[in-house]
Structures are given as C-alpha cells and as structure tokens.
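Each residue of the sequence shown is one higher than the last, beginning at -9 in our numbering.
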Amino acid sequence: MRRAPPTAAAFLPSTLTLPTLRNAAASCTGCDLYKNATQTVFGEEPARATLLLVGEQPGDQEDVAGHPFVGPAGRVLDKALKEAGIARNQVYVTNAVKHFKWEPQGKRRKHKKPSAAEVAACRPWLEAEIQVLAPRAVLCLGVTAAQSVFGKSVRLHELRGRRLNTPMTQAVLVTTHPSAILRGPDPAQREEDYRRFIEDLRRTAEYLHQPPAGEMLHKPTYPSRQR
Ligand code: SF4
C-alpha cells in the first residue's frame, strides 16, 4: 500500500490567527524535517503587513534563534529593503519550509535544499499565513518560495519581473533569494545580482503604493479568519 504524502494539514488549528498558527506549528511533525532541527521558525509580524515575503527555509542561525532572516541573508535583505524604500517592520517575513534542513560538513551544518515533497508538506502553513494576513502582495524570494506559492515546479527567470495571481493570493512577484546573491562567484556578479534584487523590490514597492483595485480573486479555503 502506498504511504500518504507528508503534510502539515492535520496540525493546523481550528481557528486561524497568527498566534494560534505559530503555537500549532511549534509542534508540527508533518514531515521528517523537524527531527534534525532545533525548532520551528515561523513567520514574523506585523499582523497588518501589506507585503508578505517568503524565503526558502530557515538557515543555521535562524534555526538557533527561532526567527526568520536573522543571518547573513537577512542582513542583505534588510539593506535592500531600506534602499528600495520598504520598511522591514512593515513586512511579514516567513519561509516556505519552517524547519532547517541540513547535512553535516565537518563541524558545520550545511544547508540542504528541501525536496518538492517537503515543500508541499509545509505548504498549508504558508497558505494559512497568507489567508490570515491577506497581504496586498506576496514576494517570493527564490524558486522554492515560488514553487510553494504556485503549487508546482517553476522557473525563476520565467516569472521574474511579472506580477501574477494564484489561487493562494492575488498579486505574486518573484525575485532571487538574498543568499543566492551572497553565493555569486565574484564581486561584479554579486553587485549585478544585488542591483537586480533592488529593482524587483522597487517594482514591488511601486505596486504597493498604487491604490488597491478592491478585487479578491482567491476563495478562502479555511473556515475562519481572525487576526
Ligand atoms: S518542515 Fe513544515 S511540515 Fe515539515 S515538520 Fe516542519 S513545519 Fe511541519
């Protein structure tokens, strides 16, 4: 008999608010990633953010601290948000996968990309975060985040620079992950990647500054929505 795919769905609370979601996610065992991680790293407020940023998964420092984007990639993100005129404290920051996946490399814990099954397993948390917050826009940082939001495999270069809607939310933009900028092979490439990242953030800020059209394209999939 085939095993059912892993999923966090059974761990969602009956009433969806950011605190109930965060509490419930702390004991999620919906896939195997909780086994080797220190803790669940859930998204962080403000609860009335108009922009929700989705990364891939917590890194080594985030896993220990219990907060998203506090390591080197977070510092790039903070600097870029500031340059693009977006206040970090007005942005809800989360990850497609809430536990740190890693493999040993000497004494280090080396980041390991989550599988498609693990991204799909963790997707109910992201879907619930988006439903509760109902942000005006979701910005995917990297292909794993986009894969979770679109619910299928995607190619970053095909989505970058466009504004799309999905069943999950009405305005989705896609850019690179700040850690990909840090991994650039040389300073010139890193500078170019950072410049394009700022461009994408500015495009997102421009959209947020437009008056809302008032449309709500996606139907809520969960019964209650409270902040
Ligand atoms: S990665 Fe997501 S689905 Fe897997 S155990 Fe952690 S919170 Fe649950």
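Glycine residues also receive a C-beta, built at the ideal position from the N, C-alpha and C atoms.
Query: Does DSSP put Asn2 in a helix, a strand or coil?; Result: Reading off the sequence shown, one finds Leu at residue 2, where the question assumed Asn. Coil, per DSSP.
Query: Leaving out five residues on either side along the sequence, give the residues of the same chain with a beta carbon under 6 Å from the beta carbon of Ala106.; Result: none
Query: Using a 10 Å radius around the Cβ and a threshold of 16 neighbouring Cβ atoms, would you call Ala(-2) buried or exposed?; Result: buried
Query: Should Thr19 be counted as a contact of ligand 1 given a C-beta to heavy atom distance under 7 Å?; Result: yes
Query: Write down the C-beta distance between Val44 and Leu172 rounded to the nearest angstrom, noting that I regard them as a contact closer than 8 Å.; Result: Wrong, their Cβ atoms sit about 18 Å apart, outside the cutoff.
Query: For the beta strand (DSSP E) that contains Lys100, what are its first and last residues?; Result: Arg98 to His101
Query: Going by the beta-carbon positions, is the gap between Lys102 and Lys91 smaller than 8 Å?; Result: yes
Query: Assuming contact is defined by CB atoms lying nearer than 8 Å, are His57 and Glu93 in contact in what I supplied?; Result: no
Query: How about the segment 68 to 86 and the segment 108 to 128: do they share at least three Cβ pairs that are nearer than 8 Å?; Result: yes
Query: What's the gap between the Cα of Val66 and the Cα of Phe187?; Result: 10 Å
Query: For the beta strand (DSSP E) holding Val87, just list the boundary residues, first then last.; Result: Counting along the chain, Val87 falls outside any beta strand (DSSP E), and DSSP gives it neither H nor E.
Query: Could you work out which residue in Gln137, Ala74 and Gln95 is closest to Pro104 when comparing CA atoms only?; Result: Gln137
Query: Of the residues Asp22, Gln121, Gln47 and Ala39, which one's Cα is nearest the Cα of Ala7?; Result: It is worth fixing the name first, because residue 7 is Thr in this sequence and not Ala. Nearest option by C-alpha distance: Gln121.
Query: Apply the 10 Å Cβ neighbour rule to Thr194 and answer buried if 16 or more other Cβ atoms are within range, or exposed otherwise.; Result: buried
Query: Just to confirm my understanding: we take Thr10, look at its own chain, exclude 5 residues before and 5 after, and list those with CB closer than 6 Å. What are they?; Result: Pro3
Query: Suppose you measure from the CA of Met206 to the CA of Arg153; what does that come to, to the nearest Å?; Result: Residue placement at Met206 is flagged as unreliable, the pLDDT there being 42, under the threshold of 50; the coordinate-derived value follows with that caveat. Their Cα atoms are separated by approximately 15 Å.
Query: What residue does the beta strand (DSSP E) around Leu163 start on, and which one ends it?; Result: Val162 to Thr165
Query: With C-beta atoms as the reference, is Asn23 less than 8 Å away from Glu119?; Result: Note on residue identity: the sequence assigns Leu, not Asn, to residue 23. Their beta carbons are not under 8 Å apart, which means Leu23 does not touch Glu119 by this criterion.
Query: Let me confirm a value: Arg99 is counted as buried when at least 16 other C-beta atoms fall within 10 Å, else exposed. Which label applies?; Result: buried
Query: Quick one: complete alpha helix (DSSP H) runs, 4+ long, within the segment 17 to 96?; Result: 50 to 55 and 62 to 73
Query: Compare the C-alpha of Glu46 against each of Leu149, Lys142 and Ser169 and name the closest.; Result: Ser169
Query: Tell me the DSSP bridge mates of Val128?; Result: Leu42 and Val162
Query: Would you please state the rounded distance, in angstroms, between the beta carbons of Cys18 and Phe1? I believe it to be under 8 Å.; Result: 5 Å
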